[in-house]
Amino acid sequence: MIVHVNGALLRFTDYRRVITVAAPTVEAALTKLAGEYRPLQTVLFDRRGRLRATHRIFLNGELLAPDQLASPAGDADSVELLLAISGG
Amino acid sequence: MPRWSTYEIPVDTGLFTPLGLQPTALCRLGFNAAGCWLGRHAISHRRLVAEHRTGLVVWSAQLAFGEPVGFFDADCLQIRVTGRIRGAGTQFECDLEVGGPLDTRARLQACCIALRLEGDPALSGIPARLGPDVMAAFLPDEIESQPHRSPVRGLRTAVVRDGTALAHGRLPFVIRRHQCEVADQWFWPEAVSLAAGGREDLVQAKAERVPLLLSALQTPVRRIDLLFNRPFFLLDQGAVWSSAYEWEGRLVFIHELVGSENDQPRALVTEQFSLPKERAWD
Numbered sequence: 001m002i003v004h005v006n007g008a009l010l011r012f013t014d015y016r017r018v019i020t021v022a023a024p025t026v027e028a029a030l031t032k033l034a035g036e037y038r039p040l041q042t043v044l045f046d047r048r049g050r051l052r053a054t055h056r057i058f059l060n061g062e063l064l065a066p067d068q069l070a071s072p073a074g075d076a077d078s079v080e081l082l083l084a085i086s087g088g
Numbered sequence: 089m090p091r092w093s094t095y096e097i098p099v100d101t102g103l104f105t106p107l108g109l110q111p112t113a114l115c116r117l118g119f120n121a122a123g124c125w126l127g128r129h130a131i132s133h134r135r136l137v138a139e140h141r142t143g144l145v146v147w148s149a150q151l152a153f154g155e156p157v158g159f160f161d162a163d164c165l166q167i168r169v170t171g172r173i174r175g176a177g178t179q180f181e182c183d184l185e186v187g188g189p190l191d192t193r194a195r196l197q198a199c200c201i202a203l204r205l206e207g208d209p210a211l212s213g214i215p216a217r218l219g220p221d222v223m224a225a226f227l228p229d230e231i232e233s234q235p236h237r238s239p240v241r242g243l244r245t246a247v248v249r250d251g252t253a254l255a256h257g258r259l260p261f262v263i264r265r266h267q268c269e270v271a272d273q274w275f276w277p278e279a280v281s282l283a284a285g286g287r288e289d290l291v292q293a294k295a296e297r298v299p300l301l302l303s304a305l306q307t308p309v310r311r312i313d314l315l316f317n318r319p320f321f322l323l324d325q326g327a328v329w330s331s332a333y334e335w336e337g338r339l340v341f342i343h344e345l346v347g348s349e350n351d352q353p354r355a356l357v358t359e360q361f362s363l364p365k366e367r368a369w370d
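What follows is the structure in structure tokens.
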């Protein structure tokens with residue numbers, strides 16, 4: 001899966017915008033990504049391990065609802081990770 | 089009575105163009121003044137974020153310029169600012185006046201939406217009402233139930249419908265870190281800068297065919313309205329789509345700031361200029 005990281009999240013992935021992650025689902029890819037880039041863990045997930053509501057996840061351009069994160073995805077699929085707004 | 093803060097700042101040349109106060113400087117002074125007012129009368133912006141997990145993000149702003157305030161007019165500018173809550177705690181609005189001698193004035197009204205911050209290092213948040221602890225810091229006179237409503241969409245509709253189209257142009261951009269605030273999100277005054285860049289390019293490209301456009305470089309802007317839909321972030325690519333119209337005796341520019349998704353504009357900016365023969369426009 002090819003994960004595209006944008007904007008305010010770049011500093012948590014060492015400024016890498018495109019990261020290839022081997023995982024069977026979008027949810028698993030995000031978990032694995034947060035494992036590889038530890039600062040991303042608290043940004044993406046709350047204390048209970050749930051994806052924060054402030055993020056928008058797109059799979060091949062389609063916005064995913066929270067219950068769709070377990071959808072299977074292949075190596076060629078593109079996942080985009082967007083922070084909707086920040087309160088700085 | 090709503091509380092006001094009044095203070096002076098020394099002028100420096102970077103606050104001005106040859107035509108008057110920089111619109112971007114007015115935005116920056118305004119945001120800083122709002123923070124000053126909050127700190128003196130309610131809760132400092134830093135404490136709002138750090139202790140109350142409350143963010144404020146500008147989503148609508150209006151700038152109005154009277155007689156131009158210039159660098160050579162005075163050693164200091166007078167700042168006068170007040171703040172209020174609107175929309176049942178969903179908005180914080182500030183009013184700013186920047187004055188020089190002889191009652192010259194520039195005004196800014198900026199309305200922020202309140203965010204409940206998640207508490208993560210990215211300062212991510214979702215729109216929410218201000219908490220009771222924050223609301224308690226405001227006087228009853230500083231709490232208005234009606235929400236602020238942006239005039240931008242109505243203005244754009246009227247200008248496009250009734251105005252005479254003069255020229256169109258596009259200017260691509262990338263958001264750099266010096267254009268961002270603490271969370272790597274663009275600092276909202278950049279919308280004014282980017283729109284002005286789109287206008288200046290448009291005038292340069294089309295003024296030979298449409299001389300009227302030169303007014304937008306020769307005279308100071310009289311009014312700017314901004315509406316934000318969603319922010320740009322560090323290294324985001326975008327473009328300013330600028331259109332110029334003659335409308336009701338004014339030269340009006342409508343700027344749509346669009347991201348690479350080419351979806352609906354992330355921000356709308358309108359700029360209004362007096363036409364050459366018009367003397368008093370207020």
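Top to bottom, those sequences are chains A and B.
Residue numbering for the first sequence follows the numbering used here, beginning at 1 and increasing consecutively.
Residue numbering for the second sequence follows the numbering used here, beginning at 89 and increasing consecutively.
From the three backbone atoms N, C-alpha and C, an ideal C-beta is built for every residue, glycine too.
These numbers were taken from a predicted model, which means no experiment stands behind them.
Next on the checklist: Give me, in chain order, the residues of the same chain whose beta-carbon lies closer than 6 Å to that of residue 170/B; leave out the 5 immediate sequence neighbours on both sides.
Outcome noted: 90, 92, 183
Item to check | Ranges of the beta strand (DSSP E) found wholly within the region 241–285 of chain B, counting only runs of at least 3 | outcome: 252–262
Checklist entry - With a Cβ-Cβ cutoff of 8 Å, do residue 234/B and residue 200/B count as a contact? => result no
Item to check | Own chain partners of residue 352/B with C-beta closer than 6 Å, once the 5 adjacent residues on each side are dropped | outcome: none
Checklist entry - Roughly how many angstroms lie between the CA atoms of residue 369/B and residue 362/B, to the nearest whole one? => result In this predicted model, residue 369/B has a pLDDT of only 49, less than 50, meaning its place in the structure is not dependable; the value taken from the coordinates is given anyway. Cα to Cα, the separation comes out at about 7 Å.
Checklist entry - Mind pulling the chain B residues with CB within less than 8 Å of residue 43/A? => result 208, 209, 210, 212
Item to check | Within-8 Å CB hit, residue 66/A to chain B | outcome: no
Next on the checklist: Are the CB atoms of residue 247/B and residue 329/B within a distance shorter than 8 Å?
Outcome noted: no
Next on the checklist: Taking only three categories from DSSP, how would you classify residue 34/A?
Outcome noted: helix
Item to check | Proximity winner among 243/B, 177/B, 119/B, 321/B, relative to residue 338/B (alpha-carbon distances) | outcome: 243/B
Next on the checklist: Just verifying my parser: in three-state terms, what is the DSSP assignment at residue 238/B?
Outcome noted: coil
Checklist entry - Nearest-angstrom Cα distance between residue 77/A and residue 21/A? => result 10 Å
Item to check | Segment limits, beta strand (DSSP E) that includes residue 153/B | outcome: 142–153
Checklist entry - Could you give the uninterrupted runs of the beta strand (DSSP E) lying entirely in the region 164–223 of chain B, keeping only those of 3 residues or more? => result 164–174, 179–187, 193–205, 213–215
Next on the checklist: For the pair the region 10–20 of chain A and the region 29–44 of chain A, tell me if three or more CB-CB distances fall below 8 Å.
Outcome noted: yes
Next on the checklist: So, with DSSP's three-state summary, where would you put residue 226/B?
Outcome noted: coil
Checklist entry - Which residues in the same chain have their Cβ closer than 6 Å to the Cβ of residue 6/A, if we skip the five residues on either side of it in sequence? => result 82
Next on the checklist: Residues in the same chain with beta-carbon distance under 8 Å from residue 96/B, minus the five sequence neighbours each way, listed in chain order, please.
Outcome noted: 164, 165, 166, 167
Next on the checklist: If we define contact as Cβ-Cβ less than 8 Å, is residue 145/B a contact residue for chain A?
Outcome noted: yes
Checklist entry - Taking just the CA atoms, how far does residue 122/B sit from residue 185/B? => result 11 Å
Checklist entry - Would residue 13/A count as contacting chain B if we go by Cβ distances under 8 Å? => result no
Next on the checklist: Beta carbons nearer than 8 Å to chain A: which residues of the region 306–321 of chain B have them?
Outcome noted: 318, 319, 320, 321
Checklist entry - What's the gap between the Cα of residue 198/B and the Cα of residue 214/B? => result 19 Å
Checklist entry - residue 93/B by DSSP, collapsed to three states: which one? => result strand
Item to check | CB contact below 8 Å: residue 203/B versus chain A | outcome: yes
Checklist entry - Since residue 123/B is in the alpha helix (DSSP H), which residue starts that stretch and which ends it? => result 111–129
Checklist entry - Hey, which unbroken runs of the alpha helix (DSSP H) at 4 residues or more fall wholly within the region 293–348 of chain B? => result 303–306
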